[in-house]
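Student: Below: one structure in structure tokens.
Residue numbers (my numbering): 7 to 254.
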């Protein structure tokens, strides 16, 4: 441990993680929270959130050592702890096109696909521990003032819009979201390609603080916005046919 700044004890934390992983191994393959099962192809965010949770787990395990180092300096303790927690909170980033990702120690990039997650965090204990060591190295870099900067905006950060969903109806939120989605993504939906649309929608739902419980309702409202025109056209055709029949 440096005399100048706190460093997380990698050996100690990795050892604790081995015991933790063994104890919770049966749960390590749960990708889908119950509130996400009803929506198809929306697991990317939740998988990335599981990886982000490991950063918070490391911080929690190192908290006692940090407290010991600054036992007589509450201000410095809370400052460093807050810095680590804020850094971990902002780990999931969003590209301009809405694509979400999480990059570990500027070496490994995860985009929320199950296979990559399973390969590195579930199926191989060796890779799992390697990822944990990289996470600790990254956090120690932050503590040493060597934070790796990423120009892309984080998801679920303190600067996210403070607009609360409770101030808007589902229809209003759906309308706001649709206005911020590229027309190209909407055209892809016609070809049953929802990947870009789904990623962008989840970024926006998060920005507008939409709870998981309300997500399905919002998505249904968005879906409905694509159907009325088609239904109306069918109704018009029916009315037209009836008129022609009447005239005959």
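Even glycine gets a Cβ: it sits at the ideal position worked out from N, Cα and C.
1. Starting from residue 110, trace the beta strand (DSSP E) in both directions and tell me its first and last residue.
2. Where residue 121 and residue 129 are concerned, what is the direct C-alpha to C-alpha distance, given to the nearest angstrom?
3. Look at the alpha carbon of residue 159 and the alpha carbon of residue 101, and state the distance between them as a whole number of angstroms.
4. In chain order, what residues of the same chain have a beta carbon less than 7 Å from the beta carbon of residue 36, not counting five sequence neighbours either side?
5. With distances taken Cα to Cα, identify the nearest neighbour of residue 107 among 22, 23 and 58.
6. How is the beta strand (DSSP E) around residue 12 delimited, first residue to last?
7. Which first and last residues belong to the alpha helix (DSSP H) in which residue 61 is found?
8. So if DSSP puts residue 160 in a beta bridge, which residue, or which two residues, is it bridged to?
9. By Cβ distance below 6 Å, which residues in the same chain neighbour residue 89 in space, the five residues on each side in sequence not counted?
10. Is the beta carbon of residue 107 within less than 7 Å of some heavy atom of the ligand FMN?
11. Short of 8 Å in beta carbon distance, which residues of its chain neighbour residue 113, apart from the five on each side in sequence? Order them along the chain.
12. To the nearest angstrom, report how far apart residue 80 and residue 131 are at their CA atoms.
13. Residue 148 lies in the alpha helix (DSSP H); which residues open and close that run?
14. Look at the Cβ atom of residue 12, then the Cβ atom of residue 149, and state whether they are nearer than 8 Å.
15. Can you check whether the CB of residue 19 is closer than 8 Å to the CB of residue 91?
16. Roughly how many whole angstroms lie between the Cα atoms of residue 54 and residue 99?
17. Please report how far the alpha carbon of residue 64 lies from the alpha carbon of residue 142, in whole angstroms.
18. Residue 73 and residue 83 look like a contact to me (Cβ under 8 Å); what is the Cβ gap, rounded to whole Å?
19. For residue 87, which residues from the same chain have a beta carbon less than 8 Å from its beta carbon, with the 5 sequence-adjacent residues on both sides left out?
Tutor: Concretely, from the data shown:
1. 106-110
2. Straight-line spacing of the CA atoms in residue 121 and residue 129 works out to 10 Å.
3. Roughly 7 Å separates the two Cα atoms.
4. Because the pLDDT of residue 36 is 45, which lies under 50, any placement of that residue in the model is unreliable, and the number read from its coordinates should be weighed accordingly. Here the set comprises nothing.
5. 58
6. Element bounds for residue 12: n/a, residue is neither H nor E.
7. 50-75
8. 99
9. none
10. Of ligands this structure carries none, so the ligand FMN is not represented either.
11. 140
12. 37 Å
13. 131-149
14. yes
15. no
16. 10 Å
17. For residue 64 and residue 142, the distance between alpha carbons rounds to 7 Å.
18. 6 Å
19. Within the same chain, residue 87 has close Cβ partners 65, 69 and 72.
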